[in-house]
Every structure is written in C-alpha cells, then in structure tokens.
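Each remark here refers to the structure printed beneath this line.
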Amino acid sequence: MVLELDTPPGNVTVAPDGRVFFTLHPAAKPEMHVAEVLPGGTFEAFPDDDWQQPRGDEPYFDSPLSLRADRKGRLWVLDHGNFGAESPSLTAFDIASREIVHRVEFPKGIANWGSMLNDFWVDDEREVVYIADTSAYDFDPALIVYDIASRGATRLLEDHLSVKPEDHHMVVQDRFIKVLGIPLQVAVDSIALSADGSTLFYGPMTGSRMYRIDTASLRDPDLDEPALASRVQEHGAKPSTDGIAADSKGNLYLTAIEHDAVWVMRPDGSSHVLAQDSELLSWPDGVHLSPDERYLYVTASELQHVLGADLDALPTQQPFRILRIELPTDWK
7 MVLELDTPPG
17 NVTVAPDGRV
27 FFTLHPAAKP
37 EMHVAEVLPG
47 GTFEAFPDDD
57 WQQPRGDEPY
67 FDSPLSLRAD
77 RKGRLWVLDH
87 GNFGAESPSL
97 TAFDIASREI
107 VHRVEFPKGI
117 ANWGSMLNDF
127 WVDDEREVVY
137 IADTSAYDFD
147 PALIVYDIAS
157 RGATRLLEDH
167 LSVKPEDHHM
177 VVQDRFIKVL
187 GIPLQVAVDS
197 IALSADGSTL
207 FYGPMTGSRM
217 YRIDTASLRD
227 PDLDEPALAS
237 RVQEHGAKPS
247 TDGIAADSKG
257 NLYLTAIEHD
267 AVWVMRPDGS
277 SHVLAQDSEL
287 LSWPDGVHLS
297 PDERYLYVTA
307 SELQHVLGAD
317 LDALPTQQPF
327 RILRIELPTD
337 WK
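According to this note's numbering, the sequence shown is numbered sequentially starting from 7.
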C-alpha cells in the first residue's frame, strides 16, 4: 500500500529519484488535482495550492487525469480541459524547482469540444509526446503526436479501427456501467511507449485487441493516412483496459477493469494474471513502473462508483488506494 485516499485517484507516476506523484480523478470533482506522496502516508499539492483552483489569468489545473515523470526531471501533466470546453493543455514542471519549463494549450482542430486527452507517454530522448484522445463526446478518437521543440501537434489515425471502441458493455463488480443512461463504451485510452521509444502500444478501453505501431511512422510527415494505417499491427488479445505500461523486456502491464486485476502481456502477445483482488484492485486505473522495474504502481479508482453515480455517496466507498506490486523476476 502506498496511500489511502478519501477521493478516487486518477493516474500515478514515479520520478527517477523515486518520488511519487498522482492525480485525483477529475470525474469525482476533487478540490485538489495533482499531488505528491509524502512519507508517512500523507500527500501535498504539486506544484502548490494555487494551481489547484482557478486564479484569474494565471494557468491552473482544470481537469487533469494523466501525468508522467520523465528521465530529465520533468513532471508532465495532461489536462483535458473539461472535455475540451476549456483549453486542453500539457504542462511540464521542473520537479526540483516546481517551476514551469514547458506549456502548450492545444488549439481547436487538435482538441475540439468533446475531446478527451486521456493518457500519454513522453519520449524524452526524441522530445515527442504521444497522446490518446478518447474523444468522449465528439466521437472522433485519434492519436495525437506533439513535438516539444516545434510545439507542433498532429492528429493521426482518427476513427481508425484500432482507436474505436467495440460494442462491448462493461460490467464491473456486477455493476453495468452507464453514463447518462447510455452503456459506457470508451475509445482509445490505453497507451504505452516501449522502453526504447520505437513502438507505441495502444487500444480502446472497451476493446478486445491491443495494437502497436512503430513511432518512426507516427513522426513521418510524408506518410498519408492510408499508408500510416497500413503500419498498424495487432499485438494480442486483451480485456477491457485502462492504464498500461511497458517494461524494458517488452512486457506490457494491463489494468483489467472487469477482472479486478492487473495482467501481463508478454512480447509474443500472450497474457496471464499478475495480481487480482476484488477489494484492493477495484477498477485499476493508472499504472507506472518504478525506475528499477522492481515495482508496479497502480491506482484503484473504483470508477464504477463514480461514473454515472451519485458523488454524494462516495464517502461510503472509502478508502480509495494507490498500490505498489512487487514484480517477479523470473520473466525479466
């Protein structure tokens, strides 16, 4: 156990020095959005309290869900801007100083109203960010490739089979998941970058297949959409997944939402259960490997009690948890 909370966590990340950061899930309307785990089972706002609420013309967190610490000492925070009603943004902080070192607000055309910039990974060697736009209300899911140096962003594979949800109705702990009375079917959400940055793994939350594509193709401006689509490959069968992560051996760690579990997908596409617990792994959401790959950090957000539910009842579901799973060494 890393931390127990009174509101659902969103995603978690671990910096090279072992510091742990997380978001509070925006669907639960938290007062704090981004935080750092402190010793003794406590936490504090990051970078400070001011960022957690509107503050005039200064930037602030509106609805951040995913965050990533890179090997250059930066903490990146992706904010979907209330599904594009506000400006979706990506902000990087120097972890040591807590100062902004990069920020972009994505324009319309990259992230319209109805978009949901859901999850992402940073290639800090090539200085490129790969983002999954679930497009929760616009229904045009896509991958977004953002070049940090040029500040240019491109939408790719929009409405391709590999980013669209399948006709699957999720049931989590005997609860049929609906939002606004409609069965929840979520497009591309799961996304992970290989350790060497050469391959992007991704897939829809409500989808039975994991896909992969070489990142050189995603960065190639000369490839048109049909040519790019031809580079997409199936990687293996998967359950309904939220966060995923890749290790240096090519294994993928998958949150298996409907199974209260975390699975491991081997490089050949085969899978097996790593951990399963109906109490501790209730809707496993975000995952991140420790820098030495000895541990997998997992948020259990229990979104079956959040999405389409009465938020006033959330206190009855406490505590919400961030967990740490020690990984076996026999497949490394």
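For every residue, glycine included, the Cβ atom is placed at its ideal position computed from N, Cα and C. Everything numeric in this text was worked out from a predicted model, so none of it was measured.
DSSP bridge partner residues for Gly47 (one or two, in chain order): Among the bridge pairs identified by DSSP, Gly47 is matched with none.
Can at least three beta-carbon pairs, one atom from the segment 304-313 and one from the segment 22-37, be found at a separation below 8 Å? A contact exists between the segment 304-313 and the segment 22-37.
Let me check understanding here. Comparing Cα to Cα, which of Leu9, Thr13, Leu295 lies closest to Asp318? Checking every option, the nearest Cα to that of Asp318 belongs to Thr13.
Classify Glu332: buried if its beta carbon has 16 or more other beta carbons within 10 angstroms, exposed otherwise. Exposed is the label assigned to Glu332, since fewer than 16 other Cβ atoms lie within 10 Å of its Cβ.
Would you call the segment 210-224 and the segment 240-258 touching, i.e. three or more CB-CB distances under 8 Å? Here the segment 210-224 makes contact with the segment 240-258; the two share three or more CB pairs at distances below 8 Å.
Given a cut-off of 8 Å, decide if His174 and Gln191 are closer than it, judged by their beta-carbon atoms. In this structure, His174 lies closer than 8 Å to Gln191 by Cβ.
With a floor of 4 residues, list each alpha helix (DSSP H) that falls wholly inside the segment 162-227, ordered by position along the chain. Here the runs fully enclosed are 221-224.
Can you give me the start and stop residues for the alpha helix (DSSP H) that Ala235 sits inside? Start and end: 231-235.
Since Trp289 and Ala306 should fall inside the 8 Å C-beta cutoff, what is the C-beta to C-beta distance between them, to a whole number of angstroms? With 8 Å as the limit, Trp289 and Ala306 qualify as a contact, their Cβ atoms being about 6 Å apart.
Starting from Asn124, follow the beta strand (DSSP E) in both directions and report where the run begins and ends. Residues 123-129.
Label Asp228 either buried or exposed according to how many other C-beta atoms from any shown protein chain fall within 10 Å of its C-beta, with 16 as the threshold for buried. Classification of Asp228: exposed, given that the 10 Å Cβ count is below 16.
Which runs of the beta strand (DSSP E) fall wholly inside the segment 266-313 and span at least 3 residues, in chain order? Taking only runs of at least 3 residues, the beta strand (DSSP E) segments lying wholly in the segment 266-313 are 267-271, 277-282, 290-295, 301-306.
C-beta contact flag for Asp125 and Ile197 at 8 Å: Between Asp125 and Ile197, the C-beta gap is smaller than 8 Å, which places the two residues in contact.
Segment limits, beta strand (DSSP E) that includes Gly249: Residues 247-252.
Near Glu111, what residues of its chain come up, given a Cβ to Cβ distance below 6 Å and the 5 sequence neighbours on each side ignored? Hits under 6 Å: Ser93, Ser95.
Helix or strand or just coil, what does DSSP make of Asp63? Note: Asp63 maps to coil in three-state DSSP.
Taking the continuous alpha helix (DSSP H) assigned at Asn88, which residues delimit it? The continuous alpha helix (DSSP H) containing Asn88 extends over residues 87-90.
So, for Ser284: in the same chain, excluding its five sequence neighbours on each side, which residues have a beta-carbon less than 6 Å away from its beta-carbon? Apart from the 5 residues on each side of it in sequence, Ser284 sits with its Cβ closer than 6 Å to the Cβ of Asp266 in its chain, given in chain order.
First and last residue of the beta strand (DSSP E) that includes Leu329? Where Leu329 is concerned, the enclosing beta strand (DSSP E) stretches over 326-332.
Rounded Cβ spacing between Ala251 and Val293 (contact assumed at less than 8 Å): Sure, about 5 Å apart at Cβ, within 8 Å.
Between the CA atoms of Asp153 and Leu286 - distance to the nearest angstrom: Cα to Cα, the separation comes out at about 38 Å.
Going straight from the alpha carbon of Asp336 to that of Trp127, what length do you get? Asp336 and Trp127: Cα-Cα distance of roughly 27 Å.
First through last residue of the beta strand (DSSP E) which encompasses Val238: Neither: Val238 is in no beta strand (DSSP E) and is coded neither H nor E.
For Asp23, count neighbouring C-beta atoms within 10 Å of its own C-beta (all shown protein chains included) and say buried if the count is 16 or more, exposed if not. For Asp23, the number of other beta carbons within 10 angstroms of its own is below 16, and it is reported as exposed.
Between which two residues does the beta strand (DSSP E) containing Tyr152 stretch? Under the DSSP assignment, Tyr152 falls in the beta strand (DSSP E) whose first and last residues are 148-153.
Three-way DSSP call (helix, strand, coil) for Pro70 in this model: Looking at Pro70 - three-state DSSP - the assignment turns out to be strand.
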